[in-house]
Amino acid sequence: MTLERLVLRSLRHRLLATVLSALSIALGVGLVVGIDTLRREARANFEGAAGTWDLVVGPKGSPMALTLSSLFHLGEATDTMPVSALERLRADPRVALAVPVVLGDRFHEFRVVGTSEDLFRAEARRGVPIRCAEGL
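Just so it is clear: in the sequence shown, position 110 is 292 by the numbering used here, and no numbers are missing.
This is the structure we're talking about:
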């Protein structure tokens, strides 16, 4: 009896265990590939959204909470800053564009975002202006 026949006979004899093992391996590989793809896409989307802003200025508190709430609209909004801080930033010659963003209210499940027309002078990516989508 050759080695091939011996292996095939053993696999047929343990058919259920063989099929379950093959399915488990396929499921494991699929999960690893899927999770890795999801991780890479999420990172690319986050970096793409934050990539156009060189600096985020906000009130004292958690830098992570400020970034997540102001750039990604995740989590709870941080405290507000006085308008005089915005005016000082706009007067600084090193600042090309200062855009106010105010969060904190909701209408049904939608977050209300307050800003100025200056936001639409900014670019989502190099050469691609930020646009407002119409309707729901």
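The beta carbon of each residue, even a glycine, is placed where N, CA and C say it ideally should be.
Keep in mind it's a predicted model, so treat the numbers as computed, not measured.
query	result
Reduced DSSP secondary structure (H/G/I, E/B, other) of R313	coil
Stretch-stretch touch, CB-based, cutoff 8 Å, three pairs: the stretch 255-269 with the stretch 279-288	yes
Whole beta strand (DSSP E) elements within the stretch 263-293, 3-residue minimum	283-289
Endpoints, alpha helix (DSSP H) assigned at S192	L185 to H195
G243 versus D300: straight-line alpha-carbon distance, rounded	25 Å
Cβ neighbour criterion (16 or more within 10 Å) applied to L237	exposed
Cβ separation of S252 and V283, assumed to be a contact under 8 Å, to the nearest whole Å	5 Å
Same chain only: Cβ atoms within 7 Å of V310, ignoring 5 sequence neighbours per side	none
DSSP state of G216 mapped onto helix, strand, coil	helix
Through-space distance from R225 to T297, alpha-carbon basis	26 Å
Straight-line gap, L220 to N227 (C-alpha atoms, nearest Å)	11 Å
N- and C-terminal bounds of the alpha helix (DSSP H) containing A304	Element bounds for A304: n/a, residue is neither H nor E.
Residues bridged to G296 [DSSP beta-bridge criterion]	V284
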